[in-house]
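For the sequence shown, this note's numbering begins at 11 and goes up steadily by one.
Think of the CB as a built atom: it goes at the ideal place given N, C-alpha and C, for glycine as much as any other residue.
Step one of this worksheet: look at the structure below.
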Amino acid sequence: MDGVKEEEAAGARPAEIIRIAGSTSGPDTDWVAEEVPVALVYNGISHAVMMTTPTMLEDFAVGFSLAEGIVRSLDDIHDIEVTEGCRGGKNVNLTIASEAFWKLKEHRRSMTGRTGCGICGTESLDDAMRPTPVLPFTQTFDMEHYGRALEYLQKVETLGALTGSTHAAAWVHPDGSLAGGAEDVGR
């Protein structure tokens, strides 16, 4: 569509719509966020299928692997390769350390779900509601830092600005400097 750069449209596609404005309506084209099935495959064995925006999949796989406790650190991830999957999906193939892989096989759970919430597919409420570690209170933040973070998000949320239908997150250091950010349908 006119005026949209390719990098702004990554993770989005045009869709035919009926636009309603006041008392009139008519056909139009608008942008919608893409969502595709993404299989996370560890050492050749599929572990989870999540619906995600098909961008930054390596980062998604690393974050998922760390957050789910599949790996303890980045050192446990030896390789990541994104390949085409069936029916328009993607496979994210991770080669992980043997110890992490054996731990994963012992506590395997199906994560197939309609969103990236992380609860769909758990076997029990105990699995869904795992205890989280209590972290020591070590930082206070100046409210000015939050304002800078929001300004940053507005600059990097190109997909959200285009489609109006994505989430975004930013990592802010304690001094208020911004490390990065990302956006997606359901991460």
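Inset, instruction - With a 10 Å radius around its C-beta and 16 neighbouring C-beta atoms as the bar for buried, classify residue 172 as buried or exposed. - result: buried
Legend entry - Extent of the continuous alpha helix (DSSP H) to which residue 2 belongs: The chain is shown from 11 up to 197; residue 2 falls before or after that span and cannot be answered.
Inset, instruction - Give a yes or no on contact between the stretch 40–57 and the stretch 180–189, applying the rule of three or more CB pairs nearer than 8 Å. - result: no
Inset, instruction - Measure the Cβ-Cβ separation of residue 89 and residue 110 and say whether it is below 7 Å. - result: no
Legend entry - C-alpha distance - residue 82 paired with residue 97, whole-angstrom precision: 32 Å
Inset, instruction - Tell me whether residue 25 is buried or exposed, calling it buried when 16 or more other Cβ atoms sit within 10 Å of its Cβ. - result: exposed
Legend entry - Distance between residue 94 and residue 164 (C-alpha atoms, nearest Å): 31 Å
Legend entry - Spatial distance of residue 34 from residue 27 (CA atoms): 14 Å
Legend entry - residue 122 classed as buried or exposed, judged by whether at least 16 other C-beta atoms fall within 10 angstroms: Unreliable placement is indicated for residue 122, whose pLDDT of 46 sits below 50; the coordinate value is still reported in the next sentence. Classification of residue 122: exposed, given that the 10 Å Cβ count is below 16.
Legend entry - Simplified DSSP assignment, three categories, for residue 32: coil
Inset, instruction - Note down, in chain order, each residue of its chain lying with its Cβ closer than 8 Å to the Cβ of residue 106, except the 5 sequence neighbours on either side. - result: 52, 53, 75, 80, 81, 86, 87, 88 and 114
Legend entry - C-beta atoms of residue 42 and residue 67 nearer than 7 Å: no
Legend entry - Best match in 112, 193 and 71 for proximity to residue 168 [C-alpha to C-alpha]: 193
Inset, instruction - Can you give me the start and stop residues for the alpha helix (DSSP H) that residue 155 sits inside? - result: 153–166
Legend entry - Per-residue burial, residue 116 [other beta carbons within 10 Å of its own, 16 or more giving buried]: exposed
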